[in-house]
Amino acid sequence: MSLRDSPRESASSGSETTIDRRGFVRLGAGAAAATAGIAVGAGSAAANYDGWLEGVSNYEGTVDMTGQDEVTVSVGAGNGLLFDPPAILVDPGTTVVWEWTGQGGQHNVAEADGAFESELVQEGGHTFEQTFESEGTFRYQCDPHEAVGMKGVVAVGSTDDDLIEPSGGGSGGDGGGSGGDGGDGGSGEGSGSGDGSGDGSSEDTPAPASGGVTLSGSDLFAIATSFGFVAVLFALVFGDIDAEE
25 MSLRDSPRES ASSGSETTID RRGFVRLGAG AAAATAGIAV GAGSAAANYD
75 GWLEGVSNYE GTVDMTGQDE VTVSVGAGNG LLFDPPAILV DPGTTVVWEW
125 TGQGGQHNVA EADGAFESEL VQEGGHTFEQ TFESEGTFRY QCDPHEAVGM
175 KGVVAVGSTD DDLIEPSGGG SGGDGGGSGG DGGDGGSGEG SGSGDGSGDG
225 SSEDTPAPAS GGVTLSGSDL FAIATSFGFV AVLFALVFGD IDAEE
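Under our numbering, think of the first position of the sequence shown as 25, with each following residue one higher.
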């Protein structure tokens, strides 16, 4: 059987289960391939900076920070051993400010080729800044923690990496307004009287509906024997019949 013909054959009852099982296997294989694709994609993105950001756990792409005169990168983010964001894109003339969180021990910011380097600091709130006048890609690290993935990149002017939006964004506006007051509930008075009498007796025995037929269990069994249980079910559901035990 050719692959092209197999979908038509699946309409037959004999092959439906087999096709479904094969589909389930294909689905599992597709999920595995998709997972592998994600891993390969992440590796390819990191390779945009010659593999500099391999092993940086919070790296997902380059954050687009263009259009700003000054941007901030946290030092000691996450588990205390990360720059956040680890990769940024800025315009020429932008000042990048690295601000220490006070987590993860002593850190510094050191450009891989020696273009700039801060002192080792642990104190939270400490800052180090660098203004990037010319286009290029600047890779940097924290010297004591480079081996555990505390590295970053400043791309100035352009990058081949995937761009992502800054997290957090602008602050939302203040909510305002108050709900309207509920209206007063209406009131009303009324009275009524009635007189009625009647004769008759009933001992809580409901009368069958007009035109209805009450059948005993033996009657139902007889109908089932003659016409099948489907007829009994049809009569009970759609007919005006009460079953009597």
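Cβ atoms here follow ideal geometry from the backbone N, Cα and C, with glycine treated the same way. Please read these numbers as outputs of a predicted model, since none were measured by experiment.
| Query | Result |
| --- | --- |
| D88 - DSSP class collapsed to helix/strand/coil | strand |
| Strand pairing of H131, partner residues [DSSP] | V145 |
| CB contact flag (F140, Q154, <8 Å) | yes |
| Close Cβ partners of M89 (< 7 Å) along its chain, the five nearest in sequence each way excluded | V95, I112, L113, V114, P190 |
| Spatial distance of H150 from E135 (CA atoms) | 18 Å |
| Strand pairing of V120, partner residues [DSSP] | V95, Q154 |
| DSSP state of V80 mapped onto helix, strand, coil | coil |
| Q146 versus V80, V133, D185, D184, residue with shortest Cα-Cα distance | V133 |
| Residues sharing a beta bridge with G108, DSSP | The question names Gly, yet the displayed sequence has Asp at residue 108. Per DSSP, S98. |
| Reduced DSSP secondary structure (H/G/I, E/B, other) of A171 | helix |
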